[in-house]
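The structure under discussion appears below in the form of structure tokens.
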Amino acid sequence: MLILIQGGRVVDPTAGRDGVGDVWIEDGRVVAPSERTPDKTIDASGCVVMAGGVEVHSHIAGGNVVMSRLLLPDLYVSEAAPEGHPFAHAGGSAAWIGANYARMGYTIAVEPAMPPTNALATQLELADIPLLDRGALTVMGNDDQLLDLLRQREGKAAVRDLVALSVATSRGLGVKCINAGGASAFKDGMLNLSLDEEIPVYGLSTRKIMNALLDAVEEIGVPHPLHVHANNLGIPGADDSFVATMEAAEGRRIHFAHAQFYAYGAVDPANPGTGGFRSAAERITEAMEKHPNATFDVGQVAFGQTVTISLDVIRQFAGRKGANPKKWIITAGDAEGGGIVPFLYKPRGPVSSLQWAIGLELMLLSGDPERTILTTDHPNGGPFTEYPRIIHLLMDKEERDREISSLHKVIAERSGLCGIEREYTFSEIAQLTRSGPAKLLGLADRGHLREGARADVAIYRDDKNRTAMFARAKLVLKDGHVIVEDGEIVDWRAGHTLELTVESDKAMETRTDAYLDARFGAGLDSFTVPDEAFPVSDVFEDVACRA
Numbered sequence: 001m002l003i004l005i006q007g008g009r010v011v012d013p014t015a016g017r018d019g020v021g022d023v024w025i026e027d028g029r030v031v032a033p034s035e036r037t038p039d040k041t042i043d044a045s046g047c048v049v050m051a052g053g054v055e056v057h058s059h060i061a062g063g064n065v066v067m068s069r070l071l072l073p074d075l076y077v078s079e080a081a082p083e084g085h086p087f088a089h090a091g092g093s094a095a096w097i098g099a100n101y102a103r104m105g106y107t108i109a110v111e112p113a114m115p116p117t118n119a120l121a122t123q124l125e126l127a128d129i130p131l132l133d134r135g136a137l138t139v140m141g142n143d144d145q146l147l148d149l150l151r152q153r154e155g156k157a158a159v160r161d162l163v164a165l166s167v168a169t170s171r172g173l174g175v176k177c178i179n180a181g182g183a184s185a186f187k188d189g190m191l192n193l194s195l196d197e198e199i200p201v202y203g204l205s206t207r208k209i210m211n212a213l214l215d216a217v218e219e220i221g222v223p224h225p226l227h228v229h230a231n232n233l234g235i236p237g238a239d240d241s242f243v244a245t246m247e248a249a250e251g252r253r254i255h256f257a258h259a260q261f262y263a264y265g266a267v268d269p270a271n272p273g274t275g276g277f278r279s280a281a282e283r284i285t286e287a288m289e290k291h292p293n294a295t296f297d298v299g300q301v302a303f304g305q306t307v308t309i310s311l312d313v314i315r316q317f318a319g320r321k322g323a324n325p326k327k328w329i330i331t332a333g334d335a336e337g338g339g340i341v342p343f344l345y346k347p348r349g350p351v352s353s354l355q356w357a358i359g360l361e362l363m364l365l366s367g368d369p370e371r372t373i374l375t376t377d378h379p380n381g382g383p384f385t386e387y388p389r390i391i392h393l394l395m396d397k398e399e400r401d402r403e404i405s406s407l408h409k410v411i412a413e414r415s416g417l418c419g420i421e422r423e424y425t426f427s428e429i430a431q432l433t434r435s436g437p438a439k440l441l442g443l444a445d446r447g448h449l450r451e452g453a454r455a456d457v458a459i460y461r462d463d464k465n466r467t468a469m470f471a472r473a474k475l476v477l478k479d480g481h482v483i484v485e486d487g488e489i490v491d492w493r494a495g496h497t498l499e500l501t502v503e504s505d506k507a508m509e510t511r512t513d514a515y516l517d518a519r520f521g522a523g524l525d526s527f528t529v530p531d532e533a534f535p536v537s538d539v540f541e542d543v544a545c546r547a
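As numbered in UniProt numbering, residues 1 to 547 make up the sequence shown, in order.
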């Protein structure tokens, strides 16, 4: 079918487009303008036309996500699917995730933390999410097999082969590193870990582990840079860890998760445990300008009740003291451990107000929105459904000032947000939420509307109330099919799970099979994600490695 989207304001920064024009679609792809009469014409007059949104960091599946629902069921009441819903078999949460992303014009979402030992369960949950294409990042950096390879100094080839095997068997889209070595350090009583501090038992440091993973990701050709959750998240002086980790990459591609939680400068650097924290957004921005190899997603805070989910057992154990309500779960595992801690971001609270301001400040100071990705680290900073409101605040200085006036005065005292006049343009919003994250994931046919792109398209009524505009798209097309009309789902289609095509080494398969059998009493087959586990045959879609 030949489709013409006609007369809308087409915003595609990758093609330098921001003006009234047309988009032509055929067989699920954007095509060149045609002389033929279209089979269907969509009137986009008065609307803004963008590529579908791309989410790089949202906790939407996996063991800790399931535990968070059990710990705080009242938070997930809104996720319930109505009786008779076509995706109600997934318990409602999958349908809620897919529908709410789609209503906002998003067409891809990535789970950033999939332990290889829990990959099958995570992939089954992802496959239940309708409307979206999705993927997951394979977590490494705390697993005993990798750390033992490094302890035995087996060399880069062995590490590369283990990383490739782990991605292949878990069917991941990339590699995530979470406070590398922290799980082992925690079990030996360490409650803080710096980049170069020695981890007991293994005699390694975070730097050594991260460097090994950076090299492996590059050699394998993983399109997405190593996705790094650095040391010392959320404490005064965390900016030092962020900058030191960036410098440690030594020019290799690196992506930082939820940077807002690292933009906390100590009020008194000589005594970081006293006096709380101040915004270090300017320092983070300056470091980013000096390191074009780096990208980050924001982890913007949104006010209200949420639950924090992380495999960083050190930080979650420390955060349990601030649990609200007073209940929490800590699991002292390896790559599959971590914690779930409920948290309330208080609108008038000084800490929450400053966190909220820092995230906005990071985005507003950024000189390159394509390297600055909008996330809330759902649900850690707040739900992804807050994106429309965040976009509104970025685009409208007056609205931002009104919001600031209702919050704690610490924003003016310890951040530079009040003095920033910048207002994001539609093109910059598209970079922040479309082209930037698509490039980051290596998805060459997503995040833009050039010829050959997937026909994932979001059409919004242009409205000065940007919250309303981006909360309910007029139309959303997925692979050329209309799935949303006026903010309502009209076609409950199944998407695909994106997996990296990577070959594994036979010798490493044999070694890993023996290792897993000795450790768990079950071999490699028990931890591999097979096609036979899924009710349909076309769940997965291949993404090629870099040359």
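Idealized CB from N, CA, C, for every residue including glycine.
Beta-bridge partners of residue i, as assigned by DSSP
| i | result |
| --- | --- |
| Gln305 | Leu344 |
| Leu2 | Glu26 |
| Lys478 | His481 |
| Tyr460 | Val48 |
| Val175 | Thr138 |
| residue 550 | Nothing can be reported for residue 550: it is not among the residues displayed for the chain, which extend from 1 to 547. |
| Ile373 | Asp297 |
Length of the line joining the Cα atoms of residue i and residue j
| i | j | result |
| --- | --- | --- |
| Arg171 | Ala507 | 19 angstroms |
| Ala335 | Ala244 | 23 angstroms |
| Val175 | His255 | 10 angstroms |
| Leu311 | Gly63 | 10 angstroms |
| Ser205 | Val217 | 19 angstroms |
| Pro223 | Ala514 | 30 angstroms |
| Leu147 | Asn380 | 28 angstroms |
| Ala90 | Ala494 | Low per-residue confidence applies at Ala90: pLDDT is 47, beneath 50, and the placement is therefore not dependable enough to give any value. |
| Gly181 | Thr295 | 23 angstroms |
| Leu417 | Glu428 | 18 angstroms |
| Leu344 | Ile42 | 43 angstroms |
| Ser58 | Gln123 | 14 angstroms |
| Ile25 | Ile3 | 5 angstroms |
| Asp144 | Arg546 | 28 angstroms |
| Glu361 | Asp505 | 45 angstroms |
| His392 | Glu399 | 8 angstroms |
| Met210 | Leu131 | 35 angstroms |
| Asp240 | Arg414 | 17 angstroms |
| Glu289 | Ala281 | 12 angstroms |
| Leu162 | Ala287 | 32 angstroms |
| Ser406 | Pro388 | 19 angstroms |
Sub-8 angstroms separation of residue i and residue j beta-carbons
| i | j | result |
| --- | --- | --- |
| Ile5 | Asp22 | yes |
| Asp377 | Gly319 | no |
| Ala263 | Ile284 | yes |
| Thr308 | Phe527 | no |
| Leu137 | Pro116 | no |
| Glu509 | Leu498 | no |
| Val30 | Arg434 | no |
| Gly382 | Gly304 | yes |
| Val54 | Ile108 | yes |
| Leu195 | Asn179 | no |
| Ala332 | Lys439 | no |
| Gly442 | Val543 | yes |
For residue j and residue i, believed in contact at Cβ under 8 angstroms, the rounded distance
| i | j | result |
| --- | --- | --- |
| Leu364 | Arg454 | Actually they are not in contact, since the Cβ atoms of Leu364 and Arg454 sit about 30 angstroms apart, beyond 8 angstroms. |
| Ala458 | Gly105 | 3 angstroms |
| Val539 | His496 | 7 angstroms |
| Val167 | Leu500 | 6 angstroms |
| Val56 | Thr375 | 7 angstroms |
Residue i burial status per 10 Å Cβ neighbour count (16 or more: buried)
| i | result |
| --- | --- |
| Gly447 | buried |
| Met114 | buried |
| residue 587 | Nothing about residue 587 can be reported from this structure: the residues present for the chain run from 1 to 547 only. |
| Arg36 | exposed |
| Met1 | exposed |
| Thr372 | buried |
| Gln152 | exposed |
| Glu403 | buried |
| Asp133 | buried |
| Asn324 | exposed |
| Ala248 | buried |
| Ala94 | buried |
| Val20 | exposed |
| Asn465 | exposed |
| Phe520 | exposed |
| Ala473 | buried |
8 angstroms Cβ cutoff, residue i in contact with chain C
| i | result |
| --- | --- |
| Met288 | The chain labelled as chain C is not found in the depicted structure, where only one protein chain is given. |
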